[in-house]
Every structure is written in C-alpha cells, then in structure tokens.
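Participant: The structure follows.
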Ligand code: SF4
Ligand code: SF4
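Residue numbers (my numbering), protein chains in the order written: chain P, 9 to 396; chain C, 26 to 146.
As structure tokens, this is what we get:
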C-alpha cells in the first residue's frame, strides 16, 4: 500500500535509499546533506537495511570508495553538498569515465567564498561537464521519486553512467513536506537486482580497471563512447519515468510544463523555485498575460530538441538561473544551454536571463512579476534580487 | 598470452573498446615491460645476501625474483629503479648502479630502451 507521509527532504531521500537497500554507502557529512547520512546510519543500526556504511575522512575518499565498491559490482549510493562535491571533483570524472552507475544525492548549496551554507546551484553546475546525469527536484516528493528512478537509469546497459539527484538545500532538505511513498515491495521490484557486466570481485572472470591508456591513446575513443551513453540516457530517462508512473501514478520526463500549451511567454526554472513560478504563472494569467512554465528536470543530458519543440510557439523565454557562470555577461548555465538550443531554428523567441537566489537569497512572487514586467525593456541578463 | 584479442586495438573504433576501458583479464602488466624509465638499477651481491626477503616485501613492483627459497636477483622488465630494496636490505647486499653504464652506454638518463621495453613515441 502506498503511504502518505510528512518528511523533511533529507528523510525522503533516506526513505528511498532504505527501499533500495544499496550494498555500500560511503559518505562524509556536510551541511545541509548531513541528515541524509545520519538518518541512513540510524536505519543501518536499527537493522532496517543491510548496507555497508563506510565512514571516510573526506568527500574525495567518499567518491573513491564509491568507485572501488561500484567496480566490485556493488550497488553504491552516496550524498553530498557544496564544498563536498567540489572536493570530489577529480573522482567524479573517474566514476563516469569508468562507467560506474553510482547514484548520489546532491543537496544543493552554494560554494564559498564568502562562506554560505544556503541554496543555489553553483555546486552541481560546476560538475555539469563531469559526465554525470543530472536530475533536479522541485520538492521532497520529486527527490524521493528521482532517487528510485536514478538507480534504474544509471544501471541501464545503454547508459551505465553515474546519476546526481539534486534537492535544494534547506528549502527542500530541511522543510517538512507531504509526500507519497510507494510500497516497499513495489520499490524493490522496480529497482530490481544489480548486475554489472564486469566486476572486480568476479574472480572467475578477472578484469583490470582504470588502466593507463598505453601512450597509444584510447582515451578519445572511450570518451566518445561515454558521450554516446549520455546521449542514450535521454530516451532511458523517459522510459523509466513512464515505467515509474505506472506503479506510482507520478509520471516523469525531461521536463514538466505548466500552462505552456497556449503561452506567449515562457519561464524556465530548475528545482524548488518552480512552485513559486506556478503561482506567478497563475497570477500573470489572471492579469491577461499568457504565461507558462517549463520546469526542467533533466539538465544532463540536456533535452535541447524537446525543449525547442515545447517552446516553438512562444515569443519570449525568461530563463531563471540559480547560479552564474561568471563568464562576462554570458548569463547562467540554463540560459546558455536553452538559448543555444534555438540557434538553428528559423523562428527564435526572445531570450532574457534572470540570475536569482545566489547564496540562498529568497525568490518571491513579486520579484518574478517584476522580472516579467521588465523583460520587454530590460537587459539581456539581470541579477534579480541583488541590492543595487 | 593475452586472453582477449587486442592485436588490432590501434585500429579499433570507439564502439569496439570494452565499456569504461575495462580490460577483460587481470595482471596484464606481466606481459608489458614497465622498467624502461629506470635510471639506476639494483645489483645484488649474493655473497652478502641472507635471503631474509625484506626486499621482496618492500619492492613496489614485485620485481624481486625468488627461486627455491633464495633471493636470486631482479626482474628488470618491471624494476623501476626506485632503490627501496637497497635502502631496506639489512645485509647491505644491494647497490644501485647507473643504468646507462650497466648497459655499456655513455652515462645518461635516457637509457633502458633495450630491455624489452616497447619503443613508443
Ligand atoms: S633484503 Fe637484502 S639480504 Fe634480504 S633477501 Fe633482499 S637482498 Fe637478500
Ligand atoms: S629498485 Fe625498486 S623496483 Fe627495483 S627491485 Fe628494488 S625495490 Fe623493486
């Protein structure tokens, strides 16, 4: 029986992990991710799961242990945030380069300096080219649902890549939210058993992992193959989202649209701000502005073609970015990708970028409405909510 | 002999490589000379050696050759010339010698190319 519960986001993630019961969880605590590992180690202590938890001395080691365990054929999950993700940096590429289906929750938090523990997407956007699939969640429900699906996506033979699931720090991670959990048996059946084609512990078929590419250079070919896995992930994310919908009633795809079908003005956003955006869309509609929302769920791979076809009828696109590329007036990462997706189209909407919420600065309804009002005349890129 | 046929690996397209570059067998270094970058090599004075195997335990490249319970010398296809064996030997039975000199070449640090090492680029 599905169960309706009230949980903070980190506990929603831990619940999904409990149902998955991964073989190994190497982790290091960092605000605001800590409660995931805390709750999960309590679950281990209570005998609810059989996972081996490895308490490591840093996030670099957490990802290293995750890589070793995954190469040994184990199903591996971990979680991190911010500086922790940054410390994993070089290992992120090794996980994806070795094609290891590790699933990691990243509780989105900005990067220092100055020191700040609040939400923005600087951390995960820094890892956007690391070869990890990236899924963003609007609320605890989506965080929970994304984690379950991430296992299937990562382990799919056409993909075999690690997946990062984002939940916004504090806004989702530390707020109590109502959500529906699927039944334990249904979850277990959905994720199924993990079997890697090669594994280090398969002593009957011994293998060598992470070897030097021999000076003759096979690196390029292996990267090309990795790019194909990422490309394949787009169809797999859709297929798994459908399959998950059949057992949960909640269907997932690359993005969700809200009142977009007949819209003239489209807003694009990732993560928790989508809730406020929907309220803004309703308000704009009541004022006679034909607004709609495209809430991006999958940022890697980037669903360029689908995005273009979903937005082909609008005249204006306002992209809201919770991080900046700091690239000299190029705007945020979502803006850059969404705008360049339209380059080859004959009919291109006008694009505007609003960088908002850095270091956890709130985004409220008024700010969105003001942004929309200014969008016909304002700059290409606006820092929304900064004190001028 | 390798268990997988990679004789044409240099011509392989990206679809032919195993996923993630995983080599479908273990201990492949055995058939691949890695000692080519050695600039000094260990030399054993068998008269002094007490066959304690301390060098065997410490050698990072498994290059100490033991036969019939006796330390008999070094596997120079894999010895990188780090000198750890000479350092840890309690009997001072190992000394390090310039590699080029050992090969009868002029003293230089580009030696080691005639030890079965692949001549790559
Ligand atoms: S450590 Fe020295 S004495 Fe001991 S086995 Fe090696 S060479 Fe011989
Ligand atoms: S020099 Fe180093 S690598 Fe060579 S045998 Fe001695 S310990 Fe081993």
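Quick reminder that beta carbons are idealized off the backbone N, C-alpha and C, glycines included.
Comparing the CB of residue 104 of chain C with every heavy atom of ligand 1, is any distance shorter than 6 Å?
Facilitator: Position 79 of the second chain, counted from the first residue, corresponds to residue 104 of chain C. No, ligand 1 has no heavy atom inside 6 Å of this Cβ.
Participant: Would you call residue 122 of chain C buried or exposed, if buried means 16 or more other Cβ atoms sit within 10 Å of its Cβ?
Facilitator: The residue you call residue 122 of chain C lines up with position 97 of the second chain. Looking at its Cβ environment, which holds fewer than 16 other Cβ atoms inside 10 Å, residue 122 of chain C is exposed.
Participant: To test your reading of the DSSP string, which unbroken beta strand (DSSP E) runs of 3 or more residues are found completely within the segment 214-266 of chain P?
Facilitator: Runs of beta strand (DSSP E) with 3 or more residues, each lying fully within the segment 214-266 of chain P, are found at 263-266, listed in chain order.
Participant: If contact is defined by three or more beta carbon pairs under 8 Å, each pair taking one atom from either stretch, is the segment 14-25 of chain P in contact with the segment 167-181 of chain P?
Facilitator: yes
Participant: Within the present structure, is the beta-carbon of residue 79 of chain C separated from the nearest heavy atom of ligand 3 by less than 6 Å?
Facilitator: What this structure holds is ligand 1 and ligand 2, not ligand 3.
Participant: With a threshold of 6 Å, establish whether the CB of residue 65 of chain C neighbours any heavy atom of ligand 1.
Facilitator: By 1-based counting over the second chain, the position of residue 65 of chain C is 40. Not so, every heavy atom of ligand 1 lies at least 6 Å from the Cβ.
Participant: Here's the rule I'm using: 16 or more other beta-carbon atoms within 10 Å means buried, otherwise exposed. How should residue 390 of chain P be labelled?
Facilitator: Working through the first chain from its first residue, we reach residue 390 of chain P at position 382. The residue in question, residue 390 of chain P, is buried, as its Cβ has 16 or more Cβ neighbours within 10 Å.
Participant: Under 8 Å: do the segment 293-300 of chain P and the segment 258-274 of chain P share three or more Cβ pairs, one atom per stretch?
Facilitator: yes
Participant: Taking the alpha-carbon positions, what's the residue 148 of chain P to residue 179 of chain P distance?
Facilitator: If you number the first chain from 1, residue 148 of chain P lands on position 140. If you number the first chain from 1, residue 179 of chain P lands on position 171. Going by the C-alpha atoms only, they are around 10 Å apart.
Participant: Going by DSSP, what residues sit across from residue 34 of chain P in a beta bridge?
Facilitator: The sequence position of residue 34 of chain P within the first chain is 26, counting from 1. Note: residue 34 of chain P sits in a beta bridge opposite P:62.
Participant: For a contact meaning CB atoms closer than 8 Å, what does residue 232 of chain P contact in chain C?
Facilitator: Counting from one through the first chain, the residue named residue 232 of chain P turns up at place 224. Simply 39.
Participant: State whether the segment 74-84 of chain P contacts the segment 125-134 of chain P, with contact taken as three or more CB pairs (one from each stretch) at a distance under 8 Å.
Facilitator: These segments do not touch.
Participant: When you compare only the Cα positions, how much space is there between residue 66 of chain P and residue 100 of chain P?
Facilitator: To locate residue 66 of chain P, count along the first chain from 1; it is residue 58. To locate residue 100 of chain P, count along the first chain from 1; it is residue 92. The alpha-carbon atoms of residue 66 of chain P and residue 100 of chain P are separated by roughly 14 Å.
Participant: Using beta carbons (cut-off 7 Å, strictly below), is residue 278 of chain P in contact with chain C?
Facilitator: Residue numbering aside, residue 278 of chain P sits at position 270 when the first chain is read from its first letter. No - not a single Cβ of chain C is within 7 Å of the one on residue 278 of chain P.
Participant: Whose Cβ in chain P lies nearer than 7 Å to the Cβ of residue 48 of chain C?
Facilitator: The count along the second chain starts at 1 and reaches residue 48 of chain C at position 23. Going along chain P in sequence order, the residues near residue 48 of chain C (Cβ under 7 Å) are 215, 216, 219.
Participant: Mind checking if residue 103 of chain C is an interface residue toward chain P, Cβ cutoff 7 Å exclusive?
Facilitator: Counting from one through the second chain, the residue named residue 103 of chain C turns up at place 78. Closer than 7 Å: no.
Participant: Among P:69, P:64, P:166, P:68, which residue has its Cα nearest to the Cα of residue 109 of chain P?
Facilitator: By 1-based counting over the first chain, the position of residue 109 of chain P is 101. That would be P:166, whose Cα lies nearest to the Cα of residue 109 of chain P.
Participant: Taking DSSP's pairing of strands, which residues face residue 143 of chain P in a bridge?
Facilitator: The count along the first chain starts at 1 and reaches residue 143 of chain P at position 135. Bridge partners of residue 143 of chain P: P:173, P:306.
Participant: Quick test of the definition: if touching needs 3 or more C-beta pairs under 8 Å, does the segment 112-120 of chain P touch the segment 235-248 of chain P?
Facilitator: At 8 Å Cβ cutoff, the stretches do not touch.
Participant: Compute every distance between the C-beta of residue 118 of chain C and the non-hydrogen atoms of ligand 1, then say whether any falls below 6 Å.
Facilitator: Taking the second chain and counting its residues from 1, one reaches residue 118 of chain C at position 93. True, at least one ligand heavy atom lies under 6 Å from that Cβ.
Participant: Under a CB-based cut-off of 7 Å, is residue 51 of chain C close to chain P?
Facilitator: Locating residue 51 of chain C in the second chain gives position 26, where the first residue counts as 1. Yes, residue 51 of chain C counts as interfacial toward chain P.
Participant: Quickly, what does DSSP pair residue 198 of chain P with across the bridge? List them, please.
Facilitator: Reading the first chain from its first residue, position 190 is the one you call residue 198 of chain P. Answer is none; residue 198 of chain P lacks a bridge partner.
Participant: What do you get for residue 25 of chain P, buried or exposed, if any count of 16 or more other CB atoms within 10 angstroms of its CB means buried?
Facilitator: In the first chain, residue 25 of chain P corresponds to position 17, counting from 1. It is buried - the Cβ of residue 25 of chain P has at least 16 other Cβ atoms within 10 Å.
Participant: Output yes if chain P places a C-beta closer than 7 Å to the C-beta of residue 36 of chain C; else output no.
Facilitator: Counting from 1 along the second chain, the entry for residue 36 of chain C is found at position 11. Chain P contact via Cβ: absent.
Participant: Spatial neighbours of residue 275 of chain P within its chain, please: CB distance less than 6 Å, with the 5 preceding and 5 following residues excluded, ordered by chain position.
Facilitator: Numbered from its first residue, the first chain carries residue 275 of chain P at position 267. Taken in chain order, the residues that qualify are 285, 301, 326.
Participant: Identify the residues that DSSP records as bridge partners of residue 207 of chain P: which are they?
Facilitator: Looking up residue 207 of chain P in the first chain gives position 199. Partner(s): none; residue 207 of chain P has no beta bridge.
Participant: Taking only three categories from DSSP, how would you classify residue 99 of chain C?
Facilitator: Here residue 99 of chain C corresponds to residue number 74 of the second chain, with the count starting at 1. Residue 99 of chain C falls in the strand class under three-state DSSP.
Participant: Taking 7 Å as the CB-CB cut-off, is residue 45 of chain C touching chain P?
Facilitator: Stepping through the second chain from its first residue, residue 45 of chain C is reached at position 20. It does; some Cβ of chain P falls within 7 Å.
Participant: In angstroms with no decimal places, state the Cα-to-Cα distance between residue 258 of chain P and residue 84 of chain P.
Facilitator: Along the first chain, one-based indexing puts residue 258 of chain P at 250. Along the first chain, one-based indexing puts residue 84 of chain P at 76. Near 25 Å, if we compare the C-alpha coordinates of residue 84 of chain P and residue 258 of chain P.
Participant: Does the beta-carbon of residue 76 of chain C, which I'm using as the reference point, lie nearer than 6 Å to any heavy atom of ligand 1?
Facilitator: Your numbering for residue 76 of chain C matches position 51 in the second chain. Yes, ligand 1 has a heavy atom inside 6 Å of this Cβ.
Participant: Going by DSSP, name the residue or residues bridged to residue 86 of chain P.
Facilitator: Within the first chain, residue 86 of chain P is the residue found at index 78, counting from 1. According to DSSP, which records beta bridges pairwise, residue 86 of chain P is partnered with P:112.
Participant: Thinking residue 89 of chain C and residue 80 of chain C are a contact (beta carbons under 8 Å), I'd like their distance in whole angstroms, please.
Facilitator: In the second chain, the residue the question calls residue 89 of chain C occupies position 64. In the second chain, the residue the question calls residue 80 of chain C occupies position 55. Sure, about 5 Å apart at Cβ, within 8 Å.
Participant: Cβ of residue 206 of chain P less than 7 Å from any chain C Cβ?
Facilitator: Reading the first chain from its first residue, position 198 is the one you call residue 206 of chain P. Closer than 7 Å to some Cβ of chain C, the Cβ of residue 206 of chain P qualifies, so yes.
Participant: Quickly, what does DSSP pair residue 156 of chain C with across the bridge? List them, please.
Facilitator: Only positions 26 to 146 of chain C appear in this structure, which leaves residue 156 of chain C out of reach.
Participant: Using DSSP's beta-bridge definition, name the partner residues of residue 329 of chain P.
Facilitator: Here residue 329 of chain P refers to the residue found at position 321 when the first chain is read from its first residue. According to the DSSP secondary-structure assignment, residue 329 of chain P is paired through a beta bridge with P:363.
Participant: Could you tell me whether any non-hydrogen atom of ligand 1 is closer than 6 Å to the CB of residue 71 of chain P?
Facilitator: As a working note, residue 71 of chain P is residue 63 in the first chain. Flag unset: Cβ of residue 71 of chain P not near ligand 1.
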